[in-house]
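So that you can map any letter, position 96 of the sequence shown is 96 in UniProt numbering, and since no number is skipped, the others follow by simple counting.
Quick reminder that beta carbons are idealized off the backbone N, C-alpha and C, glycines included.
Only one structure is covered here, and it is reproduced in the block below.
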Amino acid sequence: MNDNGTREKSTNLIENLMGYIDTRIDIIRLEIQEKMKAAMVGAIHGVLLGFFGLMSFLFVSIFLGLLLNHLLDSSFWGFGIIALFYVVVLVILLIGLDKKVFQGMADKALDNTIYKTDKRENQI
């Protein structure tokens, strides 16, 4: 009689433990799904921003080249001036600026976005 009660308690304990493990697995799956969804939305957003930013940059450059062509009464000097400007900017970025400048900007920009939930969980 005493042995039967112990078996029921241990069976009940094992069932509770299995239920707890199943629940934890479900929670982990949901967290992974949520993080993947957020990453996918961020990637799509980034691609769209990059595409439209590139298109805007391209058409503004063409506009400025045509405007300078009109002002200089030339068919090519406007585009040459715009191209020279971009070459100067490229040289400054390649030679003049250190990567630490960009690292600092990236740290400030991404400080509150990446692992935000992990930081909150550690504080609790």
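Between the stretch 99-107 and the stretch 83-90, do three or more beta carbon pairs fall short of 8 Å? no
Where Ile28 and Met55 are concerned, what is the direct C-alpha to C-alpha distance, given to the nearest angstrom? 40 Å
Exposure of Gly78, with buried meaning 16 or more beta-carbon neighbours within 10 Å: buried
Within its chain, find whatever has a CB closer than 7 Å to the CB of Ile81; leave out the 5 residues flanking it on each side and keep chain order. Leu68
At which residues does the alpha helix (DSSP H) containing Gly96 begin and terminate? Looking at the DSSP string, Gly96 is not in any alpha helix (DSSP H), and its letter there is neither H nor E.
Return the CA-CA distance between Leu71 and Met36, expressed in angstroms with no decimal places. 52 Å
Ends of the alpha helix (DSSP H) at Phe79? Trp77 to Val91
Distance, Thr23 Cα to Leu110 Cα: 33 Å
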